[in-house]
Every structure is written in C-alpha cells, then in structure tokens.
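Enquirer:
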Amino acid sequence: MENGEHQAITIAESDSNQELPVRSTNEIEESTNVESIIHMQRRLNEIKREGIQNLRERQNAFICKVPQSLIEIGSPRDNEPEIVSIGPYHHSKDGVLEFESYKWQFLHSLLSRTNQSHAVHLRQAMKELEREARTWYSEPIEISSEQFIEMMVLDGCFIIELFQQVSESEDSVNANSLLFRKTWLIPILIRDLLKLENQLPFFVLERLFNLSIGDTSDLLSLQALKFFNLALPRSLELLKNIKFHDLAKNHLLDLFQSSYLPFSISSRNSSNIQIRISPNLINLCTSSHGSQEYHPLSDQSMPCVTRLRLAGIKFRPQKNINGSFLDINFDKGVLKIPPTTINDFTSTILINCVALEQCSPQGSSTYFFEYIAFMSCLISSGRDVTFLCDDGIITNFPYNDLQVAHLFRKLAEKVVFNIRGCYLSKKFREVEAYYSSNWATLRRTYFSNPWSSISVVSASVLLAMTTI
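Start counting the sequence shown at 1; every next residue gets the next number (UniProt numbering).
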C-alpha cells in the first residue's frame, strides 16, 4: 500500500518536475501568424464561394443604381423618387414615407374592385417570387423576407390600381380618390415610375395583375403606356398596334424605353455595339466647330447645326409617324428630326434610359444613347439650339439654349460607342458626305455671308462681260 502511494507520489513528482519545451517569442508570433493566415484564407474562400453564388444569381440583374457620373449631370431628383418609392432601393427613406399610407388605400381599393376581402393569396404569390425578385437587383437588399414580400404586394398593387384609376373615364372616378383630389400628382408619379432605381420586376406586376384583374393578354403593358402617355403623348392607335410580345419588359422603364424604338430599326442586332463608361467625350464631332474649314477626321465626326446650315443643309420637324423621337431621317439635304420638348421630365427620361442601357447585359440596345450622341454633335453651342428651336425641332421651356446644349454634351461624355454599329450610322455618313461635297464646300466658303455673295456675283458678272 505504501509502495503504491509512494509510486503515485513519485509519478506526480516526476510529472511536475518534467521540463516542458520553451518556445521563443519568435516561434509564438510565427504560430499566431500561421493561424491568422489560415483563418483569413478560410474566410476568403467562404466569401469567394458566396460571391460566385451571388454573381450567378445577379447575372440577370436589370434594376441597377444610376452611375454617379450621370447623377452629376442633373440632380438627385433624376434618380431618387420625389413622392413614391417603388422597390427596395429607396424603401422607407425620408421624403417618401408620407405616401406609404396611400399605398394601403390603393390596395384596399384594388381588393374592393375585385370583390376580395383580404390579400393572403397575393402575399403567398409574392412569397413564391421573392428569391427570383431579389436577384433582379444589382445591389444586395438588406431588408427582411417579411418586409420584402409586403413591399412587393403594396408597391405592385399600388401601381396596378393607379393604372386602373387613370384608365377610367372621369364619370366613373371616385370623387374621394387621391388622383381626383390631387391631379397635380400624376406628372410626378409618372416621373417617379420611370426612374431606374425605382422599379419592381415586371413579372411581379404581371402576377399581381393576373391575380387581381385577370389574365388579360398585354392589358397591363397597354395600361402602363397609356399612363405614361399623359406626359409624352402618342396616338392611342399607335399604342394599340405595338407588338408587346416583342418588347423588352424587365420593368416599367424597360417597357417604356423599348416602346420608343422606331419600328424600322427595332429588329437591329446590336451585338457589335461597344459600350463602356468614359470620363471624356469621344471625338464624335468635328473638333473645330468655330472654324470655317472642315477636315473629316474619321467616320466618327459630324459638324454642328451652324456649320451644316452654311453648307445648305435644311432642318425640318419629322412627321412623327412612328411616334418615336428617335426616328431621324436625312434626304436630299434635308435633316428631319422629330420635335422634342427639353425640360426636367425629358432630362430624367434621358438620364435613366442611358443608365438602363449601361447596366443592361452586353448586346442590349443602345438607341437612346446613340440618339443623344447624334444630337450632341448637332448641338455645339446655344446658337445651335436657337436654330433648332426656330425650325420647330426643339422646345426648351423652361430651359435656356445653353442648358439644352450642356445637357446633351454632358450625357454624350459618359459613354463611348462604335458609330459603325449604331442605328444612326447611315445618317452620320450621309450628313458628312453632303457636307464634304463640292457644292456644299463652295456654298459655305463663298456664300456664308452677304458680302461674300455680292463679291462672287460681281466677279461672275465682270467675267461674263469680259468674255463678251
């Protein structure tokens, strides 16, 4: 027994007296560094996997933030909602919270219209679409599932009921309706619903529309364009003839933009268009607008209105047969451009449509930017705008001529593209060829002012008399 105890004590003493390896400070630091590196690498691998998954989910993201370079051209009102937020980007922000109560009124009105007492089926439908809807946005959505689903129901039903009320005749409109009491809201609502950051996926609207109004082919698209028609009027016959199944419909702005593509060019393959953000304006236009000499620089140059007029080119308003201000034609020295009003609303539309074209997948259409690039070549100064106003092509109230020139110039600076592939490439070449022709050169050289004309006529008469 004593031996056992002694042995136990001996073992204890032996253990206590055993010398442990002593690590140096450098060894401890090195070990810590290795552990830290392993931890960091493990975390990086996790983030990489998450990032790849997010990238795959968002590769079809069609609702993006407007680039800062475009926001700087106008004002925050061009990308942020003024009174009503749609979608998650500006959800619950100051300035739009007051309108949230109206959304509940519109939801109640829509349910009453369809003899429904609750929105459980609408909520369930949105729950099924939540995951896909989140991938429609280029930015992570930091709101809960419940909030996101409620947002889709409220925002989507608000839009659908808004279209219903506007499409009704005045006799059937409820006198207590918000739109009946505050008609001044409609232009602001139109502007808000055409902002890229203020969108819902179109498939969300379609599902809500089918569940509430009914599965009526193309009726939602037609009602949307009729609503936007209050700001940019086109004939109802034209809207009814649009082939909606051919239009891009990722969201309301996408629907609106694609409906403006001229029918004659809507089938163009734009896969050869090269788009990238650029801090500097591409040399689309001649670099010496103030000079009377013109030296064609490349197939990417075109003179301004002032110089084209000196060459005998006339400007006429295009009869807007197709209802699109993008439909520009040039024939026999006459450049026909659809009349356009340039104001705050137009500025918002142009900025958001260019932003949409920039964030869309490669190969998507770039018609709006190509139109802007063409107009920016024509408009080099306020004087060019004055000429276009006199010719009935531009109405610029409340903007002045310099503001219009600034808008087109700044927009054109933001993107570089290949003119050879754009829908106006033929017009660029035709205008430049006419300008460079011998007769046009003679006209702008010798008939650019009355004194030059008198001198030429006098010389011709003198030469004729000498010959006789």
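Ideal placement from N, C-alpha and C gives every residue a C-beta, glycine not left out.
Predicted model only: the values in this text are computed from it and were never measured.
By DSSP's criteria, Thr306 is part of a beta bridge. Which residues make up the other side?
Expert: Your numbering for residue 306 matches position 306 in the sequence shown. Paired residue(s): none; Thr306 is not in a bridge.
Enquirer: By DSSP's criteria, Lys243 is part of a beta bridge. Which residues make up the other side?
Expert: Position 243 of the sequence shown, counted from the first residue, corresponds to residue 243. In the DSSP output, where bridge partners are listed per residue, Lys243 has none listed.
Enquirer: Within 10 angstroms of its Cβ, does Ser75 collect 16 or more other Cβ (buried), or is it exposed?
Expert: The count along the sequence shown starts at 1 and reaches residue 75 at position 75. Exposed, since its Cβ has fewer than 16 Cβ neighbours within 10 Å.
Enquirer: In whole angstroms, what is the alpha-carbon distance linking Glu139 and Ser360?
Expert: Your numbering for residue 139 matches position 139 in the sequence shown. Your numbering for residue 360 matches position 360 in the sequence shown. Take the alpha-carbon of Glu139 and the one of Ser360: they are about 14 Å apart.
Enquirer: Measure the beta-carbon distance from Asp384 to Val305 and round it to whole angstroms, keeping in mind my assumption that it falls under 8 Å.
Expert: Here the question's residue 384 lines up with position 384 in the sequence shown. Here the question's residue 305 lines up with position 305 in the sequence shown. 4 Å between Cβ atoms; contact.
Enquirer: Here's the rule: buried if 16 or more other CB atoms are within 10 angstroms of the residue's CB, otherwise exposed. What is Asn396?
Expert: Along the sequence shown, one-based indexing puts residue 396 at 396. Flag for Asn396 reads buried.
Enquirer: Confirm, please, whether the CB-CB distance from Ile328 to Lys427 is below 8 Å.
Expert: For the purposes of this step, residue 427 is identified with residue 427 of the sequence shown, where counting begins at 1. For the purposes of this step, residue 328 is identified with residue 328 of the sequence shown, where counting begins at 1. Yes, the pair counts as a contact, with Cβ atoms nearer than the cut-off.
Enquirer: Under DSSP, the beta strand (DSSP E) around Asn400 begins and ends at which residues?
Expert: Within the sequence shown, residue 400 is the residue found at index 400, counting from 1. Note, Asn400: premise wrong, no beta strand (DSSP E); not H, not E.
Enquirer: With a floor of 4 residues, list each alpha helix (DSSP H) that falls wholly inside the region 45-123, ordered by position along the chain.
Expert: Entirely contained in the region 45-123, the alpha helix (DSSP H) runs reaching 4 residues are, in chain order, 68-71 and 100-113.
Enquirer: How big is the Cα-Cα spacing for Gly392 and Gln318?
Expert: Walking along the sequence shown from the start, residue 392 turns up at place 392. Walking along the sequence shown from the start, residue 318 turns up at place 318. Near 10 Å, if we compare the C-alpha coordinates of Gln318 and Gly392.
Enquirer: Does Lys249 come out as helix, strand or coil in the three-state DSSP assignment?
Expert: The count along the sequence shown starts at 1 and reaches residue 249 at position 249. In this structure, DSSP gives Lys249 a state outside helix and strand, which the three-state scheme calls coil.
Enquirer: Please state whether the Cβ-Cβ distance between Ile83 and Leu236 is less than 8 Å.
Expert: Position 83 of the sequence shown, counted from the first residue, corresponds to residue 83. Position 236 of the sequence shown, counted from the first residue, corresponds to residue 236. Not in contact: Ile83 and Leu236 (Cβ atoms no closer than 8 Å).
Enquirer: Can the beta-carbon of Lys249 be found closer than 8 Å to that of Ser212?
Expert: Locating residue 249 in the sequence shown gives position 249, where the first residue counts as 1. Locating residue 212 in the sequence shown gives position 212, where the first residue counts as 1. No.
Enquirer: Give the range of the alpha helix (DSSP H) segment to which Leu185 is assigned.
Expert: Within the sequence shown, numbered from 1, the residue matching residue 185 stands at position 185. Leu185 -> alpha helix (DSSP H) spans Leu185 to Leu193.
Enquirer: With a 10 Å radius around its C-beta and 16 neighbouring C-beta atoms as the bar for buried, classify Arg409 as buried or exposed.
Expert: Position 409 of the sequence shown, counted from the first residue, corresponds to residue 409. Burial call: buried.
Enquirer: Here's a check: name, in chain order, each residue in its chain whose Cβ is nearer than 6 Å to the Cβ of Val404, leaving out the five neighbours to either side.
Expert: By 1-based counting over the sequence shown, the position of residue 404 is 404. Closer than 6 Å at the Cβ level, and outside the excluded window around Val404, lie Ile342, Val385 and Asn396.
Enquirer: Count the other CB atoms within 10 Å of the CB of Ala355; is the residue buried (16 or more) or exposed (fewer)?
Expert: Your numbering for residue 355 matches position 355 in the sequence shown. It counts as buried.
Enquirer: State the beta-bridge partners of Arg316 as determined by DSSP.
Expert: Numbered from its first residue, the sequence shown carries residue 316 at position 316. According to DSSP, Arg316 bridges with Lys336.
Enquirer: Ignore the nearest five residues each way along the sequence and tell me which others in Ile149's own chain have a CB closer than 7 Å to its CB.
Expert: As a working mapping, residue 149 is identified with position 149 in the sequence shown. Cβ within range, chain order: Arg123, Met126, Lys127 and Glu130.
Enquirer: Hey, out of Thr346, Lys414, Pro398 and Asp344, whose CA is closest to Glu370's CA?
Expert: Stepping through the sequence shown from its first residue, residue 370 is reached at position 370. For Glu370, the nearest C-alpha among the options comes from Lys414.
Enquirer: Using DSSP bridges, identify the partner residues of Asp331.
Expert: Translated into positions along the sequence shown, residue 331 becomes position 331. DSSP, once it has assigned bridges, lists Val334 as partnering Asp331.
Enquirer: Within a Cβ cutoff of 7 Å, which residues of the same chain sit near Pro262, ignoring the five residues on either side of it in sequence?
Expert: Sequence index remark: in the sequence shown, residue 262 carries index 262 (1-based). Excluding residues within five positions, the ones whose Cβ falls inside 7 Å are Asn322, Ser324, Leu326 and Asp327.
Enquirer: Quick one: what does DSSP say Ser394 is sitting in, helix, strand or coil?
Expert: Taking the first residue of the sequence shown as 1, we reach residue 394 at position 394. Correcting the residue identity first, residue 394 is Ile in this sequence and not Ser. Strand.
Enquirer: Name the two residues that bound the continuous alpha helix (DSSP H) containing Ala355.
Expert: To locate residue 355, count along the sequence shown from 1; it is residue 355. Counting along the chain, the alpha helix (DSSP H) containing Ala355 begins and ends at Asp344 to Cys359.
Enquirer: With a floor of 4 residues, list each alpha helix (DSSP H) that falls wholly inside the region 360-389, ordered by position along the chain.
Expert: 367-378
Enquirer: May I have the straight-line CA-CA distance separating Lys226 from Leu239, to the nearest angstrom?
Expert: Position 226 of the sequence shown, counting from 1, holds the residue named residue 226. Position 239 of the sequence shown, counting from 1, holds the residue named residue 239. If I take the Cα positions, the gap works out to 8 Å.
Enquirer: Please report the distance separating the alpha-carbon of Thr340 from that of Trp136.
Expert: Position 340 of the sequence shown holds residue 340. Position 136 of the sequence shown holds residue 136. Going from the Cα of Thr340 to the Cα of Trp136 covers about 32 Å.
Enquirer: With a 10 Å radius around its C-beta and 16 neighbouring C-beta atoms as the bar for buried, classify Met40 as buried or exposed.
Expert: Counted from its first residue, the sequence shown places residue 40 at position 40. Exposed, by the Cβ-count rule.
Enquirer: Would DSSP call Thr135 helix, strand or coil?
Expert: By 1-based counting over the sequence shown, the position of residue 135 is 135. The answer is helix: DSSP assigns Thr135 an H, G or I state.
Enquirer: Per the DSSP calculation, Val204 is bridged to which residue(s)?
Expert: As a first step, residue 204 must be located in the sequence shown, where it is residue number 204. DSSP lists no bridge partner for Val204.
Enquirer: Given this structure, state the Cα-to-Cα distance separating His251 from Ile38, to the nearest angstrom.
Expert: As a position in the sequence shown, residue 251 is number 251, starting the count at 1. As a position in the sequence shown, residue 38 is number 38, starting the count at 1. In a straight line, the C-alpha of His251 is about 45 Å away from that of Ile38.
Enquirer: Report the partner residues of Thr216 according to the DSSP bridge assignment.
Expert: Within the sequence shown, the letter at position 216 stands for residue 216. Per DSSP, none; premise fails for Thr216.
Enquirer: Are there 16 or more other CB atoms within 10 angstroms of the CB of Glu114, so buried, or fewer, so exposed?
Expert: Translated into positions along the sequence shown, residue 114 becomes position 114. Checking the sequence shown, residue 114 turns out to be Thr, not Glu. Exposed.
Enquirer: Report yes if the CB atom of Lys195 is closer than 8 Å to the CB atom of Thr366, and no otherwise.
Expert: Mapped onto the sequence shown, residue 195 falls at position 195. Mapped onto the sequence shown, residue 366 falls at position 366. No, the pair does not count as a contact, with Cβ atoms beyond the cut-off.
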